[in-house]
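What follows is a short report on a single structure.
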Amino acid sequence: MMSAAVQWMSDALVALGLLFITAAIIGMYRLPSVLTRVHAAGAVPFGGALVIIGATLATADGWLLLRGLLVAAFLMLTIPSSAHAIAWLAEKRPELAHDKGRRHRSGPEGSERR
4 MMSAAVQWMS
14 DALVALGLLF
24 ITAAIIGMYR
34 LPSVLTRVHA
44 AGAVPFGGAL
54 VIIGATLATA
64 DGWLLLRGLL
74 VAAFLMLTIP
84 SSAHAIAWLA
94 EKRPELAHDK
104 GRRHRSGPEG
114 SERR
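Residue numbers (my numbering): 4 to 117.
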């Protein structure tokens, strides 16, 4: 039987992870360029790692907890590398640095720029 504190911590980690994922999805949709969206994209695996840690805390199985922590650690180690690779590619290819196909709000209400 799991204690109430561990259950509360598990639920909090899952909720926090889902909050990170939701914020990242909104950021990837709303941010204007590839370089700014890379920052939001890095929050998705971090949120996923929090969900994995929270879900494995809810189990009483030690091996499952160990596997979940190893997967979460792998995600945490690979997030900076993947974000760096995407940013490096966007820097090398200037046409990727600014997404010209999307409209973004700026200035007075109703004005848009490309």
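Where a beta carbon is used, it is the ideal one built from N, C-alpha and C, also for glycine.
If you look at Ala7, you'll find it in the alpha helix (DSSP H) that goes 7–33. For the pair Ile56 and Ala75, the Cα-to-Cα distance works out to about 7 Å. Distance from the Cα of Ser13 is smallest, within the candidate group Met31, Gly71, Ala44, for Gly71. Where Gly51 is concerned, the enclosing alpha helix (DSSP H) starts and stops at 46–60. Separation of Leu19 and Lys95 (C-alpha to C-alpha, rounded to the nearest whole angstrom) is 35 Å. DSSP places Ala63 in the coil class of the three-state scheme, outside both helix and strand.
Here Pro48 is buried, its C-beta having at least 16 other C-beta atoms within 10 Å. Between Ala86 and Val54, the CB-CB gap reaches or exceeds 8 Å. In the structure shown, Ser85 falls within a helical segment according to DSSP collapsed to helix, strand and coil.
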